[in-house]
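Residue numbers (UniProt numbering): 1 to 365.
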């Protein structure tokens, strides 16, 4: 939703031209799926080379990650155009598109981590802020009918293509060691906002990657506050505003537990993946309820297993933490597939459509 940014306007003819190359029989949801496959491929190959998510990947892997990011977002911009071109737009397309975008965030985080190689706590700050911001965007659409995708001339297009170019250039030119470079001494003693919170565990001098994380945090806070203000202006009533804000409590609780309580056992792959899938599940639920005009509950019980595991592991021996989060990853993957499959089947039945096929009479140029 919302107006195009300058880059959107510049690239729109390119996306349109690419869409015209697609066959008319190709369903928009297949375009979305192919784009999502690039995210999945980048994540899986990266996980193969860096199972703990704390090591170094080959420079060529950074280039591959960046190219996968470009392919994903380009196809993401084409699926809606293919739907209009084939006259097959439907609420299912919105669910599928935004659902894949939600899962894609996990890959985007992995790509960024390959470049900057944050510690466990720093990575979790980056992780929770991105997924909370995405949830909040869907939450705002739930109440306003408009999905925010940009602030001024900076939005999703600039961020995702920017991450891709940054990753490619790092792999080809700068190398990831650049971001471990110490900042000038004049900046070391500057009391930057949130520095003591986000970098609390750091005893080393301030590095380039630390500054990047702080700038990201400031950006997310600014965007989040703007969203809260827009909702308050839209709803006006104090009771309605309080009810709307309460919907943010469940994902916020999961994120707070993650960043403050997750054990630092040298591997963040499965703890972050289980958190990511958990947040994807409740985000996709909100997308469906928004689309259907249904009430979205303040308490989402799917978060409870993650909260319980995190609290228990923070107070006990962490030797089995990896195994616990591997189990949680499988659990949330199962729940995500189960719930999404059920929602898709119900929507297809209600609208008399199919997920990956276009009705013959809808194939019109």
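Glycine included, C-beta positions come from ideal geometry on N, C-alpha and C.
Check this for me: beta carbons of residue 168 and residue 67, under 8 Å apart or not?
yes
Which first and last residues belong to the alpha helix (DSSP H) in which residue 128 is found?
Under the DSSP assignment, residue 128 falls in the alpha helix (DSSP H) whose first and last residues are 120 to 144.
With three or more beta-carbon pairs closer than 8 Å as the criterion, would you say the stretch 76 to 94 touches the stretch 174 to 194?
no
To the nearest whole angstrom, what separates the beta carbons of residue 171 and residue 63, a pair I think is in contact under 8 Å?
4 Å
For residue 148, count the other beta carbons within 10 Å of its own beta carbon; 16 or more makes it buried, fewer makes it exposed. Which is it?
By the 10 Å Cβ count, residue 148 comes out buried.
Quick one: measure Cβ to Cβ for residue 130 and residue 109, integer angstroms, because I've assumed they're closer than 8 Å.
6 Å
Using only CA atoms, which one of 325, 79, 286 and 10 lies nearest to residue 23?
Per the Cα distances, 79.
Outcome for residue 125 when other beta-carbon atoms lying within 10 angstroms are tallied against a minimum of 16
buried
Checking 8 Å against the spacing of the C-beta atoms, do residue 268 and residue 53 come in under that value?
yes
Could you check if residue 77 is buried or exposed, using at least 16 other CB atoms within 10 Å of its CB as the buried criterion?
buried
Per DSSP, which one or two residues make a beta bridge with residue 174?
Answer is none; residue 174 lacks a bridge partner.
Whether residue 104 touches residue 72 by CB criterion (8 Å)
Judged by beta-carbon spacing, residue 72 lies within the 8 Å limit of residue 104, meaning their Cβ atoms are closer than that value.
What number of angstroms, rounded off, separates the C-alpha of residue 256 from the C-alpha of residue 346?
34 Å
State the DSSP-derived secondary structure class of residue 151, mapped to helix, strand or coil.
Under the three-state reduction of DSSP output, residue 151 falls in the strand class.
Beta-carbon proximity check, residue 95 vs residue 288, cutoff 8 Å
yes
In the structure shown, what three-state DSSP assignment does residue 69 receive?
helix
Compute the Euclidean distance between the alpha carbons of residue 365 and residue 13, then round it to the nearest angstrom.
Because residue 365 sits at a pLDDT of 48, beneath the cut-off of 50, its placement in the model cannot be relied upon, and the following sentence gives the value as read from the coordinates. Cα to Cα, residue 365 sits roughly 18 Å from residue 13.
So what does DSSP say about residue 354, is it helix, strand or coil?
coil
Apply the 10 Å Cβ neighbour rule to residue 293 and answer buried if 16 or more other Cβ atoms are within range, or exposed otherwise.
Result: exposed.
In this structure, does DSSP put residue 338 in helix, strand or coil?
If DSSP states are grouped into helix, strand and coil, residue 338 belongs with the helices.
Rounded C-beta distance between residue 198 and residue 122? I'm assuming under 8 Å.
7 Å
Beta-carbon contacts of residue 295 that lie in its chain and below 8 Å, excluding the five residues immediately before and after
289
Just confirm the distance between the C-beta atoms of residue 220 and residue 183, as a whole number of angstroms; I'd bet it's less than 8 Å.
Contact doesn't hold; Cβ gap of about 21 Å is too wide.
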